[in-house]
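Protein chains in written order, with our numbering: chain S, 1 to 248; chain F, 1001 to 1248. All C-beta atoms in this analysis are idealised placements derived from N, C-alpha and C, irrespective of residue type, glycine included. All values derive from a computational prediction rather than experimental measurement.
Below is the structure:
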């Protein structure tokens, strides 16, 4: 048996999830904390990789201490708490079989991307949203909404994959792509059975390019059909991206 | 003529608003920024004092550069922007007469206090809310709401003033005191024509003491009537407090 845990983190001061030598990572920090709590080595495996600066409101990991669970799962969050830094929390745990893999067992994930749209940046959204000073008016916002509505479907999303990725199968099923606005904050939500490298950030960058007039909403179909990264828009910065939920 | 400006700041890394030697303060930081933008000394005056760690979503200051306004008010935010740190922004400015005083002219202010109520703290609310692990269930929440409803009125609020304050007239008119909840986040909103030192934090601490059973909601009238700080509850920490709006 091992633990399947839900964690949250502010990504700003982490070099992403995956452990790297001489870098502060979520995986490395969590490993050290669990190790300190139980006095024995453990194996932490994540549901996904996230880049430097990307945040997670719900990220899943398995924690394997080798064999028996030392304490009941519901006690794990408070046992690990004293050993975690304030930008990382473990808030839920349950027991799963050794065969369970937190990455291969994922059936769907949802990301949220926040854009703070005011001419002066907000201190409260520093590192936590894309602070975009150029005004997105109602017409531009409607263009974004229309463009977003053309993204869902089972398609080849190679145009939204970062150049240099060596993934062969670039077909994914996006079941949700919406844009909402509340005051100065725009939220893009994307759900899919899987994501290519930088896929959400490239979708968001392209939607902003639609809002600002570089593309028309109708161009989305053409961009996807091209299967060519150079046809799509810019890559939105990492600060605004949040892994929101993971489904098994 | 001088400028009346609206600013925002995350209070965590400031030792409050008011300038102090060898301390990073909002007033000092703003003074330096305006000075750098115009190459001449200025006088920055605030609408209020805030303590270390307290935040502001809307705080008003006057900026006096001595006589003529060097640029139109609407251009001030972008002129100062390059000289401000990311935890402080100036997002609005208009011209006012020299006679206008940003503190004495205030007729009403509104504060917001945020409480994150989960057994494990959230990295996203670190320094930005009171992270309270003890569960406030529906019954406890209803007690808070009832207690809050007894606070508004023109009364002597000495019981909610920090000990050691030397203010003589402790009568204020509170016109709003509400508690709302959305998921794990509780928001206490208090509006008044003026506030005593630590008044909002002492009201919030007392409401939490009501929620957790130390007081009953009916005790509020007695606590206020006592005009005695020792009769009220604890002082809520500074992290959760936000100046929300200032009315002239």
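Judged by DSSP in its simplified three-state form, residue 1203 of chain F adopts helix. The Cβ neighbour count for residue 89 of chain S, taken over all protein chains shown within 10 Å, is at least 16; the residue is labelled buried. Taking the Cβ atoms as the reference, residue 3 of chain S lies roughly 7 Å from residue 95 of chain S, within the contact range of under 8 Å.
Of the candidates S/138, S/122, S/102 and S/224, S/224 places its Cα closest to the Cα of residue 154 of chain S. Neighbourhood of residue 1013 of chain F in chain S, by CB distance below 7 Å: empty, with the nearest CB roughly 10 Å away.
Taken through DSSP and simplified to helix, strand or coil, residue 1089 of chain F comes out as strand. Chain-order list of chain F residues neighbouring residue 10 of chain S: 1123 and 1124, by C-beta distance under 7 Å. Cβ neighbours of residue 156 of chain S within its own chain (closer than 6 Å, five residues either side excluded): 170, 171 and 227. At a C-beta separation below 7 Å, residue 1081 of chain F has these neighbours in chain S: 120. Of all residues in the segment 1089-1102 of chain F, only 1089, 1090 and 1091 place a beta-carbon less than 8 Å from a beta-carbon of chain S. With respect to chain F, the C-beta atom of residue 87 of chain S has a partner C-beta closer than 7 Å. Its chain contains 1003, 1093, 1094 and 1095 as the residues whose beta carbon lies nearer than 8 Å to that of residue 1073 of chain F, once the 5 sequence neighbours on both sides are disregarded; these appear in chain order. For residue 117 of chain S, the closest of S/128, S/161 and S/53 by C-alpha to C-alpha distance is S/128.
Chain F has a Cβ within less than 7 Å of the Cβ of residue 77 of chain S.
By alpha-carbon distance to residue 177 of chain S, the top candidate from S/242, S/184 and S/192 is S/192.
Collapsing the DSSP output to three states places residue 68 of chain S in coil. The criterion of a C-beta distance shorter than 7 Å is satisfied by residue 57 of chain S and residue 242 of chain S.
When DSSP states are grouped into helix, strand and coil, residue 79 of chain S belongs to the helix group.
Nearest C-alpha to residue 5 of chain S among S/61, S/65, S/30 and S/52: S/61.
Take the alpha-carbon of residue 1134 of chain F and the one of residue 11 of chain S: they are about 27 Å apart. Per DSSP, residue 1245 of chain F lies in no alpha helix (DSSP H); the unbroken beta strand (DSSP E) holding it starts and ends at 1241-1247. DSSP places residue 172 of chain S inside the beta strand (DSSP E), whose first and last residues are 171-182.
Contiguous beta strand (DSSP E) elements confined to the segment 101-139 of chain S occur at 108-116, taking only those with 3 or more residues. Annotation for residue 220 of chain S: the continuous alpha helix (DSSP H) segment containing it runs 219-226. For residue 232 of chain S, no alpha helix (DSSP H) segment is defined, and its DSSP state is neither H nor E.
Here residue 1018 of chain F carries a coil assignment [DSSP, helix/strand/coil]. Beta-bridge partners assigned by DSSP to residue 46 of chain S: S/61. Distances from the CA of residue 1184 of chain F to each of F/1121, F/1195, F/1213 and F/1163 were compared; the closest alpha carbon is that of F/1121. With fewer than 16 other CB atoms across the displayed protein chains lying within 10 angstroms of its CB, residue 1036 of chain F is exposed. Residue 56 of chain S carries a strand assignment under DSSP once its states are collapsed to helix, strand and coil. For residue 1175 of chain F, the closest alpha carbon among the candidates F/1047, F/1021, F/1210 and F/1111 is that of F/1111. If the five residues before and after residue 26 of chain S are omitted, its C-beta is found closer than 6 Å to the C-beta atoms of 9, 14 and 17, all from its own chain and listed in chain order. The Cβ neighbour count for residue 131 of chain S, taken over all protein chains shown within 10 Å, is at least 16; the residue is labelled buried.
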